[in-house]
């Protein structure tokens, strides 16, 4: 929250002065003040980011025992998380240009995003049919990028002070996105490999071909390289942030960053990969993006600034409902089209992941556009 003097300055200028100091540009505030945006931003960060992070930390003892359970427990957890919030978090993309750019009409917003989804989504599915192993690797890399992208945006909007340059934010992206994608390869390679075989196996009629095809991805040298790279990137990011604090930056954001990194390292080292990703997707990544979308919707942001979390979520849910259903239809369409068919829970998870991959690429494009509008990767520039 701003102090009275900065709040009055914010109200007199377009957007919030505090948000601009954070290195992000707030959305157009139709009739709202900068102080109102700051109130909404603080509450959204608490509801959709800080409290879920504490919840994930509280789940660490449960995560630690999940490697003892059958992988089907993880599959069920992933399905539940996707059903509750995972699929919905990208289902308002068609309204993002409308709400984040005052010169974009509703028709143009829907039309452009629909074309992006149709073209890029079809290209992803075609890639899985043509080269399933390469497509799987591409999906991991894309998810690494996107989950890091989402966390950096959350930190920037929350006003952390230790990531003032583009280079430091890109390093944070590598770390934040790499924890869910890279650490399970180090700690639980067997289950990670199983999921890869399930996905690749959807597109290969020979049941044994998938195991052979993914062999190079799980070589010891690959796992060691990922583990060393992730450890080095994490230490570098933490050290650079600490140096910024020593130079006079606010230490609160750095402490938060370090605390969240510790929770994520522990979570993905301890928990079984499918279970870990299922919980993270719903509790961490999706909720943070929902919070960001609340802030770019003037009506939802106004409700949030008044402290009404249920009202803000209800508005988001109303907007997301139609295309959330559409996302599940995409899952069904992929399931019908794969050559190997769907006969087991693992196949259902694999089909869901391929469908999510098809929706992730266009979603990343929309989010990247929003990042650019808000100046996430160029601190102090946006709009």
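Numbering (my numbering), first residue to last: 4 to 386. Virtual Cβ for every residue (Gly too), placed ideally from N, Cα, C.
Taking residue i and residue j to be in contact with their CB atoms under 8 Å, please state how far apart those CB atoms are, rounded to whole angstroms.
i           : j           : result
residue 293 : residue 271 : Going by Cβ atoms, the distance from residue 293 to residue 271 rounds to 22 Å, so no, they are not a contact pair.
residue 370 : residue 102 : About 13 Å; that fails the 8 Å criterion.
residue 229 : residue 188 : 5 Å
residue 352 : residue 78  : 5 Å
residue 350 : residue 201 : 6 Å
residue 40  : residue 304 : 6 Å
residue 199 : residue 207 : About 12 Å; that fails the 8 Å criterion.
residue 58  : residue 308 : At roughly 24 Å, the Cβ-Cβ gap does not stay under 8 Å, so residue 58 and residue 308 are not in contact.
residue 368 : residue 148 : Incorrect: roughly 11 Å between the Cβ atoms, too far for contact.
Does DSSP put residue i in a helix, in a strand, or in coil?
i           : result
residue 191 : coil
residue 341 : coil
residue 292 : helix
residue 246 : helix
residue 369 : helix
residue 33  : Only weak support is given to the placement of residue 33: the predicted model assigns it a pLDDT of 43, under 50, and the value that follows is read from those uncertain coordinates. The answer is coil: DSSP assigns residue 33 none of H, G, I, E or B.
residue 25  : No answer about residue 25 holds up, because its pLDDT of 47 lies below 50 and its placement is not dependable.
residue 380 : coil
residue 352 : helix
residue 168 : coil
residue 252 : coil
residue 284 : helix
residue 264 : helix
residue 108 : coil
residue 134 : coil
residue 362 : helix
residue 300 : coil
residue 89  : helix
residue 151 : helix
residue 275 : coil
residue 182 : helix
residue 388 : Because the chain is modelled from 4 through 386, residue 388 falls outside the range shown and cannot be assessed.
residue 209 : coil
residue 309 : coil
residue 175 : helix
residue 217 : helix
residue 162 : coil
Rounded to whole angstroms, what's the CA-CA distance from residue i to residue j? Just pull it up for me.
i           : j           : result
residue 241 : residue 164 : 13 Å
residue 80  : residue 61  : 17 Å
residue 47  : residue 269 : 25 Å
residue 333 : residue 358 : 6 Å
residue 282 : residue 331 : 19 Å
residue 130 : residue 124 : 10 Å
residue 167 : residue 382 : 6 Å
residue 194 : residue 85  : 19 Å
residue 184 : residue 161 : 24 Å
residue 31  : residue 105 : No answer about residue 31 holds up, because its pLDDT of 46 lies below 50 and its placement is not dependable.
residue 66  : residue 108 : 45 Å
residue 235 : residue 361 : 31 Å
residue 196 : residue 49  : 36 Å
residue 151 : residue 145 : 10 Å
residue 378 : residue 225 : 35 Å
residue 169 : residue 231 : 23 Å
residue 34  : residue 376 : For residue 34, the predicted structure reports a pLDDT of 42, less than 50, and the residue's modelled location is therefore unreliable. A value from the coordinates is still provided. In a straight line, the C-alpha of residue 34 is about 20 Å away from that of residue 376.
residue 2   : residue 176 : This structure does not reach residue 2, given that the chain is present from 4 up to 386, and the question cannot be answered.
residue 393 : residue 317 : Absent from the structure is residue 393, since the part of the chain shown begins at 4 and ends at 386.
residue 25  : residue 247 : Reliability of the predicted coordinates at residue 25 is poor, the pLDDT of 47 falling under 50, and the value obtained from them is presented with this limitation in mind. Cα-Cα distance, rounded: 15 Å.
residue 273 : residue 190 : 8 Å
residue 372 : residue 76  : 37 Å
residue 249 : residue 180 : 26 Å
residue 110 : residue 116 : 10 Å
residue 336 : residue 114 : 22 Å
Under 8 Å between the Cβ atoms of residue i and residue j?
i           : j           : result
residue 55  : residue 275 : no
residue 174 : residue 239 : yes
residue 112 : residue 97  : yes
residue 354 : residue 329 : no
residue 135 : residue 203 : yes
residue 95  : residue 323 : yes
residue 256 : residue 158 : yes
residue 140 : residue 220 : yes
residue 348 : residue 119 : no
residue 182 : residue 63  : no
residue 89  : residue 285 : yes
residue 277 : residue 68  : no
residue 52  : residue 258 : no
residue 341 : residue 205 : yes
residue 172 : residue 380 : yes
residue 218 : residue 244 : no
residue 306 : residue 233 : no
For residue i, decide whether its Cβ has a neighbour in chain D, counting only Cβ atoms nearer than 8 Å.
i           : result
residue 348 : The chain labelled as chain D is not found in the depicted structure, where only one protein chain is given.
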